[in-house]
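Participant:
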Amino acid sequence: MTLEYTIQLATQKAITALYKTDLPLEQIVLQETRKEFEGQITLVTFPVVRFSKKSPEQTGLEIGEYLKNQVQEIVNFNVIKGFLNLSINDTYWIDQLQKNILKPDYGQFAPNGKKVMVEYSSPNTNKPLHLGHVRNNLLGYAVAEILTAYGYEVIKVNLINDRGIHICKSMLAWQLFGNDETPESSRLKGDHLVGKYYVIFDKAYKKQIEELQASGQTEEEAKKNAPLIRQAQDLLLRWEAGDKEVITLWKRMNSWVYTGFEETYKKLGVDFEKYYYESNTYLLGKDIIEEGLAKDVFFKKSDGSVWIDLTADGLDEKLVLRADGTSVYITQDLGTAQLKYNDFQMNQSIYVVGNEQDYHFKVLFLILKKLGKTWANGLYHLSYGMVDLPSGKMKSREGTVVDADDLIEEMIATACKRTEELGKIDGFSEKEKRELYRVIGLGALKYFLLKVEPKKRLMFDPNESIDFQGNTGPFIQYTYARINSILTKAKHTQQDGTNYSSSLTIVERDLLVALTKYPTIIETAAKEHSPAHVANYIFELAKLYNKFYHEEPILKVEDLPIRQFRLQLSAATAYIIKKGMHLLGILVPNKM
RNA sequence: GCCCUCAUAGCUCAGCUGGAUAGAGCAACGGUUUUCUAAACCGUCGGUCUCAGGUUCGAAUCCUGAUGAGGGUACCA
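Going by this note's numbering, the first residue of the first sequence is number 962, and it counts up by one from there.
1. With distances taken between CB atoms, is the gap from Asn-1308 to Lys-1075 smaller than 8 Å?
2. Have a look at Met-1372 and Lys-1504 and give me their C-alpha separation to the nearest angstrom.
3. Taking C-alpha atoms, which residue in Ser-1083, Lys-1184, Thr-1220 lies nearest to Gly-1151?
4. Quick one: Cα of Arg-1379 to Cα of Ala-1202, how far?
5. Between Met-1355 and Leu-1092, which are expected to be in contact by the criterion C-beta below 8 Å, what is the C-beta distance as a whole number of angstroms?
6. Who does Ser-1344 pair with in a DSSP beta bridge?
7. Please identify the residue among Gln-1033, Leu-979, Val-1032 whose C-alpha is closest to the C-alpha of Lys-1014.
8. Can you give the Cα-Cα distance for Lys-1539 and Glu-1381, rounded to whole angstroms?
9. Do you know how far the Cα of Tyr-1053 is from the Cα of Gln-1529?
10. When the Cα of Asn-1497 is compared with those of Leu-1545, Glu-1370, Ser-1310, which residue comes out closest?
11. With distances taken from CA atoms, which of Tyr-966, Lys-1412, Asn-1037 is nearest Ser-1491?
12. Which residue from Phe-1007, Ile-1401, Gly-1230 puts its Cα closest to that of Val-1549?
13. Starting from the Cα of His-924, find the closest Cα among Pro-1415, Tyr-1441, Gln-1001, Glu-1469 and give me that residue.
14. Does the distance from the CB of Ile-1447 to the CB of Leu-1502 come in under 8 Å?
15. Excluding the 5 residues preceding and the 5 following Gln-1293 in the sequence, name in chain order all residues of the same chain whose CB lies nearer than 7 Å to its CB.
16. Identify whether Ile-1116 lies in helix, strand or coil by the three-state DSSP scheme.
17. With distances taken from CA atoms, which of Ser-1426, Val-1474, Ser-1531, Lys-1552 is nearest Thr-1454?
18. Determine, using beta carbons only, whether Val-1313 and Glu-1080 come nearer to each other than 8 Å.
19. With a threshold of 8 Å on Cβ separation, who are the neighbours of Gly-1315 within its own chain once the five nearest residues in sequence on each side are excluded?
20. According to DSSP, simplified to helix, strand and coil, what is Thr-1433?
21. Do you know how far the Cα of Cys-1129 is from the Cα of Val-1160?
22. Tell me which residue opens and which closes the beta strand (DSSP E) that Asp-1422 is part of.
23. Is the CB-CB distance between Val-1040 and Leu-1028 below 8 Å?
24. Give the single residue among Thr-972, Lys-981, Arg-995, Pro-985 whose Cα lies nearest to the Cα of Val-1474.
25. Following the continuous alpha helix (DSSP H) through Tyr-1158, name the residue where it begins and the one where it ends.
26. When DSSP labels each residue in this structure, what does Glu-1023 get in the three-state scheme?
27. Hey, could you find the ends of the alpha helix (DSSP H) Phe-1222 is sitting in?
28. Report yes if the C-beta distance between Ala-1284 and Ser-1266 is below 8 Å; otherwise report no.
29. Out of curiosity, what's the CA-to-CA distance linking Ala-1451 and Leu-1516?
30. Mark Ala-1535 as exposed unless 16 or more other C-beta atoms lie within 10 angstroms of its C-beta, in which case mark it buried.
31. Taking buried to mean at least 16 other C-beta atoms within 10 Å of its own C-beta, is Ser-1131 buried or exposed?
32. In whole angstroms, what is the alpha-carbon distance linking Ile-989 and Leu-1108?
33. DSSP state of Thr-1361, grouped into three classes?
34. Touch check for the stretch 1325-1338 and the stretch 1053-1073: three-plus C-beta pairs under 8 Å?
35. Assess contact between the stretch 1188-1207 and the stretch 1130-1150, defined as three or more Cβ pairs (one per stretch) separated by less than 8 Å. Is contact present?
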């Protein structure tokens, strides 16, 4: 039973005893005491005033007196307007260190027996990953980690869009202009090589459109009639027909892309339990169309196309199967959703996909519910905002993208430069240095992207490098390294427990109170699918520690129990920083 | 046209189911190192929480409308 809960119950009793009213627990509002006042926990007494029929101050005093007598942890209280500030015994906070915070499983919730799937990344195989994908990957990975900490069994999957007209465009351009160029011959990373031909296609295609327009066609006609797009469509038909030559080329080029992606995933530190490929799933969903027609959820128009009418739900009529019997995007997704459920029977399924697809997922989930799929209630679209450049949205074809691999390299280079300027890593081997730069560079990048609430759009200015000071990954990593340095010097081990019973300084108590909040933060982050909560929390914690570090001596304290206690407090902070950063997929260095 | 999302300090962002005088970081300016890592710490400056109504003892937070930005919109994914 948490202290908050104890206080809530006691308050409930107090109100019954004092004012003869039974107030439900939800109406007993506790909050953190603001820094400028004394105390750690605050009861808002405004809601009680109408029962006490006394002034907020008087009500606060009466409840405060009652609580002080009934709850042993409460040593003092003060009342300011409608706020009853409760001071908790230092012993309570000190006990938390031994009883909870320093336990190895602190912050790991007991298994809840539920399975959740997290689908993320989901790239197209016609171009390399860019900053938008990076946000997606980090979000997906972090959410998976957080849910694991919250007690779920998590299955991470990647649904690869490896077929379709866009893939054929790259293939065609390579056939026409590639001169057998391979990753080996060009020393280009496979995904970049294929992406290069996607851009070449687009340029050549645009040129053809212009030429056709010059010869009198409208833009619309020109787009349809350009020889290149015709050839690409032909390639798609041959692919669907299983044409050996096309399939061989497709496999070859895709394998280049996969090798490239794997390299990027590895650098980012993300992974998957299972890969789904659209080339395997694009024909799925037709059974579901039949099912929907049989259940009268769908209807057929005279041209043979199949639709669902969602106007009663405030949405539109939506096409679910083309007149020629071929699938559209949502047909595949219906089928894939069923396939995933058949594979894993998970309780929940999270799709990490950008907010440009909000409408699509609204429709997808609604259709599955209308089809009576009970598991559809566990579907959730984790919608995140686009990453914008100062010039606006990133567009692959126009070359206005921040490439993932380039960005990672730049971050590592910046980390290297900054670290060398500070010159604190004498004695590091070359290998250790490289590893450190990687940890710091990626730490800065990941923290930068994860500290922002997922649904908000995010601004990235390539001309301004990502910060290494203030609310940043390296700041937190630095705090960890500092603590580590102290613990090493003190030869501190986890077993060095003491029965410390002196009173706490203000910083010590603030730090302890912050440490006790860790599990609550995980809970909120998990429920809201938002790693940003974790990021902001660790930052607060690191700030508090730095204040503590600055204000209170640790190694130099002669009073042994105090020294011991401060070492433990340091160890606990380091421990939470490390664990919390791991939830974000960020590593912490022992020295920097 | 219709639908969805967002709007907080010069910039980038926090602000929990409505609660105290709206907080951080960056930038700017000033200070702190013979003392455990100065990627740090302390201070100053900086606000009509886009605007207008409404609900409430109490609104940055909830409701309605307006404005601005972004996204979606029936055979692209």
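The beta carbon of each residue, even a glycine, is placed where N, CA and C say it ideally should be.
The model shown is predicted, which means the values in this text are computed figures rather than measured ones.
Facilitator: Well, looking at it:
1. For this step, residue 1308 is matched to residue 347 along the first sequence. For this step, residue 1075 is matched to residue 114 along the first sequence. Result yes, Cβ atoms of Asn-1308 and Lys-1075 sit closer than 8 Å.
2. Working through the first sequence from its first residue, we reach residue 1372 at position 411. Working through the first sequence from its first residue, we reach residue 1504 at position 543. Using only the alpha carbons, I get a separation of about 23 Å.
3. In the first sequence, residue 1151 corresponds to position 190, counting from 1. Checked all of Ser-1083, Lys-1184, Thr-1220; the closest Cα to Gly-1151 is Thr-1220.
4. Position 418 of the first sequence, counted from the start, is the residue given in the question as residue 1379. Position 241 of the first sequence, counted from the start, is the residue given in the question as residue 1202. Rounded to whole angstroms, Arg-1379 to Ala-1202 spans 55 Å at the Cα level.
5. As a first step, residue 1355 is located in the first sequence; it is residue number 394 there, counting from the start. As a first step, residue 1092 is located in the first sequence; it is residue number 131 there, counting from the start. Contact between Met-1355 and Leu-1092 holds: their C-beta atoms lie close to 7 Å from each other, under 8 Å.
6. Indexing the first sequence from 1 puts residue 1344 at position 383. Bridge partners of Ser-1344: Val-1314.
7. In the first sequence, residue 1014 corresponds to position 53, counting from 1. Considering only alpha carbons, the answer is Leu-979.
8. As a working mapping, residue 1539 is identified with position 578 in the first sequence. As a working mapping, residue 1381 is identified with position 420 in the first sequence. Between Lys-1539 and Glu-1381, the C-alpha separation is close to 24 Å.
9. Taking the first sequence and counting its residues from 1, the one referred to as residue 1529 is at position 568. Taking the first sequence and counting its residues from 1, the one referred to as residue 1053 is at position 92. Across the structure, Gln-1529 and Tyr-1053 are spaced so that their CA atoms are roughly 16 Å apart.
10. Position 536 of the first sequence, counted from the start, is the residue given in the question as residue 1497. Ranking the options by Cα distance to Asn-1497, first place goes to Leu-1545.
11. The sequence position of residue 1491 within the first sequence is 530, counting from 1. It is Lys-1412.
12. For the purposes of this step, residue 1549 is taken as the residue at position 588 of the first sequence. Checking every option, the nearest Cα to that of Val-1549 belongs to Ile-1401.
13. What the structure shows of the chain is the stretch from 962 to 1553, and residue 924 is not part of that stretch, so it cannot be assessed.
14. By one-based count along the first sequence, residue 1447 stands at place 486. By one-based count along the first sequence, residue 1502 stands at place 541. The criterion of a C-beta distance shorter than 8 Å is not satisfied by Ile-1447 and Leu-1502.
15. Reading the first sequence from its first residue, position 332 is the one you call residue 1293. A distance below 7 Å between beta-carbons, with the five flanking residues on each side excluded, links Gln-1293 to the following residues of its chain, in chain order: Glu-1239, Thr-1242, Tyr-1243, Leu-1245, Gly-1246.
16. Locating residue 1116 in the first sequence gives position 155, counting from the first residue. Ile-1116 falls in the strand class under three-state DSSP.
17. Here residue 1454 refers to the residue found at position 493 when the first sequence is read from its first residue. Of the listed residues, the one whose Cα sits closest to Thr-1454 is Ser-1531.
18. Residue numbering aside, residue 1313 sits at position 352 when the first sequence is read from its first letter. Residue numbering aside, residue 1080 sits at position 119 when the first sequence is read from its first letter. In this structure, Glu-1080 lies closer than 8 Å to Val-1313 by Cβ.
19. As a first step, residue 1315 must be located in the first sequence, where it is residue number 354. Excluding sequence neighbours, Gly-1315 sits near Gly-1093, Asn-1097, Ser-1344, Tyr-1345, Gly-1346, Met-1347.
20. As a working note, residue 1433 is residue 472 in the first sequence. DSSP, reduced to helix, strand and coil, places Thr-1433 outside both helices and strands of the structure shown, so it counts as coil.
21. Numbered from its first residue, the first sequence carries residue 1160 at position 199. Numbered from its first residue, the first sequence carries residue 1129 at position 168. Across the structure, Val-1160 and Cys-1129 are spaced so that their CA atoms are roughly 12 Å apart.
22. Here residue 1422 refers to the residue found at position 461 when the first sequence is read from its first residue. Element bounds for Asp-1422: n/a, residue is neither H nor E.
23. Taking the first residue of the first sequence as position 1, residue 1040 is located at position 79. Taking the first residue of the first sequence as position 1, residue 1028 is located at position 67. Not a contact, by the Cβ cut-off of 8 Å.
24. What you label residue 1474 is simply residue 513 of the first sequence in a count that begins at 1. Of the candidates Thr-972, Lys-981, Arg-995, Pro-985, the one whose C-alpha sits nearest the C-alpha of Val-1474 is Arg-995.
25. By one-based count along the first sequence, residue 1158 stands at place 197. 1151-1175 is the extent of the alpha helix (DSSP H) around Tyr-1158.
26. Taking the first sequence and counting its residues from 1, the one referred to as residue 1023 is at position 62. Glu-1023 falls in the helix class under three-state DSSP.
27. Against the first sequence, residue 1222 aligns to sequence position 261. Note, Phe-1222: alpha helix (DSSP H), 1205-1229.
28. Your numbering for residue 1284 matches position 323 in the first sequence. Your numbering for residue 1266 matches position 305 in the first sequence. For Ala-1284 and Ser-1266, yes; Cβs fall inside 8 Å.
29. One-based indexing of the first sequence puts residue 1451 at position 490. One-based indexing of the first sequence puts residue 1516 at position 555. Spanning the two alpha carbons is a distance of roughly 7 Å.
30. Start at 1 with the first residue of the first sequence, and residue 1535 comes out as number 574. Buried: at least 16 other Cβ atoms inside 10 Å.
31. The residue given as residue 1131 occupies position 170 in the first sequence. Of the other Cβ atoms in all chains shown, 16 or more fall within 10 Å of the Cβ of Ser-1131; this residue is therefore buried.
32. Here residue 989 refers to the residue found at position 28 of the first sequence. Here residue 1108 refers to the residue found at position 147 of the first sequence. Taking the straight line joining both Cα atoms gives about 29 Å.
33. Here residue 1361 corresponds to residue number 400 of the first sequence, with the count starting at 1. Three-state result, Thr-1361: coil.
34. When C-beta atoms of the stretch 1325-1338 are compared with those of the stretch 1053-1073, fewer than three pairs fall below 8 Å, so the two segments do not count as touching.
35. yes
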